[in-house]
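Numbering (the numbering used here), first residue to last: 14 to 236.
The structure appears right after this line, and notes come after that.
This is the structure we're talking about:
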């Protein structure tokens, strides 16, 4: 297949470009430095993967959904409901650090947004991967546990950790938690949290847990 990867300079875009080439596909990588290639290349492509932030993906879909088969890969699906049956919607749950682990080679396929009959094509494009069909709502609810809460806890770790002259296993674990958010694109991470309709509930749950912990561990009068 002739595949365009838009956002080929990012972590996911680079990984997908390499994977598709290794599987024998022709890959055209497009990023900020050669964005003028999108217009002429997209008309001769078989499929276009959008490894870009939500705002950019929506703009590309509005401009080209009738020209090419587009695959959006954002970590939140609510904004893409309006394009149902006109695009393919997936969420790759792997990255450069995890793709080597067969248990983590997972892709969520959003069945109520994606064009009918495209699941088998994705299975051919991602041999050896685990693909799980689900609705957009099911995805966004699951993403709270898979990404939103881990990101929030990681950001909390990153902003609270301080240098010390010695370390402990506990502090090293905290530093590892901080890396989860520090290694992510800030734009993508903010979109993942901000645009998920269930994030408010997740924040409320975390606040309640922190309040309970305050009473449990800091109240000297409690028994």
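For each residue, glycine too, the CB sits at the ideal point set by N, CA and C.
These figures come from a predicted structure and were not determined experimentally.
Where residue i falls, given that 16 or more other Cβ within 10 Å makes a residue buried
i: residue 149; result: buried
i: residue 179; result: exposed
i: residue 202; result: buried
i: residue 85; result: buried
i: residue 90; result: buried
i: residue 230; result: exposed
i: residue 174; result: exposed
i: residue 160; result: buried
i: residue 241; result: Examination of residue 241 is not possible in this model, given that the chain is present from 14 through 236 alone.
i: residue 198; result: exposed
i: residue 223; result: exposed
i: residue 21; result: buried
CB of residue i within 9 Å of CB of residue j, strictly
i: residue 60; j: residue 81; result: yes
i: residue 196; j: residue 110; result: yes
i: residue 25; j: residue 108; result: yes
i: residue 67; j: residue 19; result: no
i: residue 1; j: residue 190; result: Any property of residue 1 remains undetermined from this structure, which presents the chain solely from 14 to 236.
i: residue 99; j: residue 128; result: yes
i: residue 30; j: residue 40; result: yes
i: residue 115; j: residue 141; result: yes
i: residue 77; j: residue 55; result: yes
i: residue 88; j: residue 205; result: yes
i: residue 170; j: residue 188; result: yes
i: residue 36; j: residue 138; result: yes
Alpha helix (DSSP H) segment containing residue i, residue limits
i: residue 26; result: 24-35
i: residue 193; result: 182-195
i: residue 230; result: 212-231
i: residue 201; result: 199-207
Integer Cβ distance of residue i from residue j, believed to fall under 8 Å
i: residue 153; j: residue 209; result: 5 Å
i: residue 101; j: residue 58; result: Wrong, their Cβ atoms sit about 13 Å apart, outside the cutoff.
i: residue 117; j: residue 145; result: With 8 Å as the limit, residue 117 and residue 145 do not qualify as a contact, their Cβ atoms being about 13 Å apart.
i: residue 164; j: residue 194; result: 6 Å
i: residue 155; j: residue 123; result: Not really, about 11 Å apart at Cβ, beyond 8 Å.
Residue range of the beta strand (DSSP E) that includes residue i
i: residue 18; result: 15-19
i: residue 82; result: It is not in any beta strand (DSSP E) - residue 82 carries neither H nor E in the DSSP assignment.
CB contact below 9 Å: residue i versus chain D
i: residue 138; result: The chain inventory of the structure shown lacks chain D, comprising one protein chain alone.
Uninterrupted alpha helix (DSSP H) stretches inside the region 90-167 (no shorter than 4 residues): 132-138 and 149-156
Give, in chain order, every unbroken run of the alpha helix (DSSP H) that is at least 4 residues long and sits entirely within the region 39-71. 51-55
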